[in-house]
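Chemist: Quick note on the working numbering: the sequence shown kicks off at 64 and runs consecutively.
Backbone N, C-alpha and C define an ideal beta-carbon position, used for all residues, glycine too.
The structure presented is a predicted model; accordingly, all values stated were derived computationally and were not measured.
Can you read through this structure? Questions will come right after.
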Amino acid sequence: MLKSIGGKVIYFHVLTLFRELLHTKKRRDDTCELLMTVLGEHSISCELQLAGPEYESLQGFSSLPPAIAEELFYQLPDKEDCSQALSMQTMTVNMATITVDNHLSPAHTLLQIKCADQKGLFYDILRTSKDLNIRIAYGRISSSVKGYRNMDLFIQQTDGKKIVDPKQQTALCSHLKEEMLPPLRVIVTNRGPDTELLVANPVELSGKGRPRVFYDVTLALKMLGICIFSAEIGRHSTSERQWEVYRFLLDESPELPLASKQARNQIVERVRNTLMGW
């Protein structure tokens, strides 16, 4: 809880996901001191408390309306009638190509990837490979040329064998594309009378979420001059996987009226571009 000079109290609900990081008084004091230093004259006091059992119900986001959940978790990057249009930069990501070669190496399958460069690209490839029980023995990654990156990855199954089944190869390439192209979902919607920004990213099988999401989203909103009234971080399960969901209630901005469709598209684009490093 942060109390600003204007008298406004800003709440950040961080669920059990981060409790172990703030289990000592010294850690909480250090965190508050750092927050006060960063906020400077814009903050009067700071207090951190462990979330009680009353917040456990937020872990599944049962209050997320079905229509909002469908838009957030099943939106497609090339959907023409999407309520919040994607930028041309996002659309170029669809030009990614993935090929499989079993002739170059006697012991490994060569996976050749060419795609638009983006923040967390190698993370998404490793995360997806780990979830599919694919081992990456070694690889070559070229420097970014005109916004694109080439990667040669030598991979094996967990039993040490090459991937020779054409169906398995197709499934691997399809899954990699699916995870690389839209690794994060971003929408702006209404939450009662308020405007809410939602950002979702897939959770690894190990239970860990994507790094730096909270930092990048708040940085993007700061660049747009939009203040955050409250923020929540939790998990949401769909039929296929578990997602980490960030929910931000936004304050009205005179420079960027949140009721405007153009303003909402601008928020989505700026947040996505910051998250993806575009």
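Whose C-beta lies closer than 6 Å to the C-beta of Ile131 among residues of the same chain, with five residues either side of it excluded?
Modeler: Thr252
Chemist: Should Phe311 and Ile291 be called a contact, given that it needs their Cβ atoms to be closer than 7 Å?
Modeler: yes
Chemist: So what's His299 in DSSP terms, helix, strand or just coil?
Modeler: strand
Chemist: Give every residue of the same chain whose Cβ lies closer than 6 Å to the Cβ of Asp257, excluding the five residues on either side of it in the sequence, and list them in chain order.
Modeler: Correct list, in chain order: Leu312.
Chemist: Helix, strand or coil: how does DSSP classify Gly340 here?
Modeler: coil
Chemist: With C-beta atoms as the reference, is Val334 less than 7 Å away from Ala283?
Modeler: yes
Chemist: If His166 and Lys225 are in contact, beta carbons under 8 Å, what's the gap, nearest whole angstrom?
Modeler: Incorrect: roughly 10 Å between the Cβ atoms, too far for contact.
Chemist: Looking only at C-alpha atoms, which of Thr162, Gln231, Met158 and Lys240 sits nearest to Phe185?
Modeler: Lys240
Chemist: Would you list the one or two residues that DSSP bridges to Met214?
Modeler: Ile176 and Ile204
Chemist: With distance defined between alpha-carbon atoms, name the residue in Asp180, Ala200 and Arg190 nearest to Leu174.
Modeler: Ala200
Chemist: Assuming Leu312 is part of the beta strand (DSSP E), what are its boundary residues?
Modeler: Gln305 to Leu313
Chemist: Arg203 to Cys178, Cα distance in whole Å?
Modeler: 14 Å
Chemist: Kindly indicate which three-state DSSP category Leu319 falls into: helix, strand or coil?
Modeler: Residue state, collapsed to three classes: coil.
Chemist: Judging by CA-CA distance, which residue of Glu332, Asp180 and Lys324 is the nearest neighbour of Val208?
Modeler: Asp180
Chemist: Would you report the Cα separation of Gly103 and Cys95, rounded to the nearest angstrom?
Modeler: 12 Å
Chemist: How long is the line joining the alpha carbons of Ser269 and His238, rounded to whole angstroms?
Modeler: One C-alpha to the other measures close to 18 Å.
Chemist: Would DSSP call Gln220 helix, strand or coil?
Modeler: strand
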